[in-house]
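Only one structure is covered here, and it is reproduced in the block below.
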Amino acid sequence: MEAHILSAEQQKHSLSGKKKTKKTTVKNVLGTPYANYWPLINSNEEQQICSLLRKDFGCFKADKVSVPWCVMKTIPKEQRKAFRSANITSPTKSYRSSVVFGVNEATRLLEKKLAGSVLISDDVEPKFIVKHVVDICVLHKPCRRI
68 MEAHILSAEQ
78 QKHSLSGKKK
88 TKKTTVKNVL
98 GTPYANYWPL
108 INSNEEQQIC
118 SLLRKDFGCF
128 KADKVSVPWC
138 VMKTIPKEQR
148 KAFRSANITS
158 PTKSYRSSVV
168 FGVNEATRLL
178 EKKLAGSVLI
188 SDDVEPKFIV
198 KHVVDICVLH
208 KPCRRI
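Straight run, no breaks: the sequence shown in our numbering ends on number 213.
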């Protein structure tokens, strides 16, 4: 028995001849035509900023109050917590009200033009999360050089 051979026209209409060609897919990517501007500081400025941060943010950590046990055991158990909190001096609340942490809070202050300075780390991933903060800073120039 001979194998049946299909003509070229018949092969086009058969199942094996109707293979689909691969479609090219287009994927959209967010991009900007502008060059990325990320201001860098030199080592001298970095040392100045680090020393200022250590000096100014050192008071953010509340000092641990150490009351001797011989004094604490004379105070009733219900009043000990109030006694400890009375001895804590907290200048940190006034400082904390003038400092914000995070992208959202910094963006709100920049939009209201209330920010005195902005400090952003370069190792943020992905960068587009903080890219708009850099753009707002460049437009409004809230920062001053040390």
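Cβ atoms here follow ideal geometry from the backbone N, Cα and C, with glycine treated the same way.
Is residue i near residue j, with beta carbons less than 8 Å apart?
i       : j       : result
Val-167 : Arg-151 : no
Ile-203 : Leu-177 : yes
Val-205 : Ala-173 : no
State the CB to CB distance for the pair residue i and residue j, rounded to an integer number of angstroms; the pair is presumed to be in contact (CB under 8 Å).
i       : j       : result
Asp-189 : Trp-136 : Contact doesn't hold; Cβ gap of about 48 Å is too wide.
Once DSSP output is grouped into helix, strand and coil, what is the label at residue i?
i       : result
Thr-174 : helix
Asp-190 : coil
Glu-145 : helix
Val-93  : coil
Glu-112 : helix
Ser-118 : helix
Gly-125 : helix
Ala-182 : coil
Lys-79  : helix
Smallest Cα separation from residue i: which of the options?
i       : options                           : result
Lys-180 : Glu-192, His-207, Met-139         : His-207
Phe-124 : Leu-107, Ser-165, Ala-182         : Ser-165
Val-191 : Val-170, Ile-142, Thr-91, Gly-183 : Val-170
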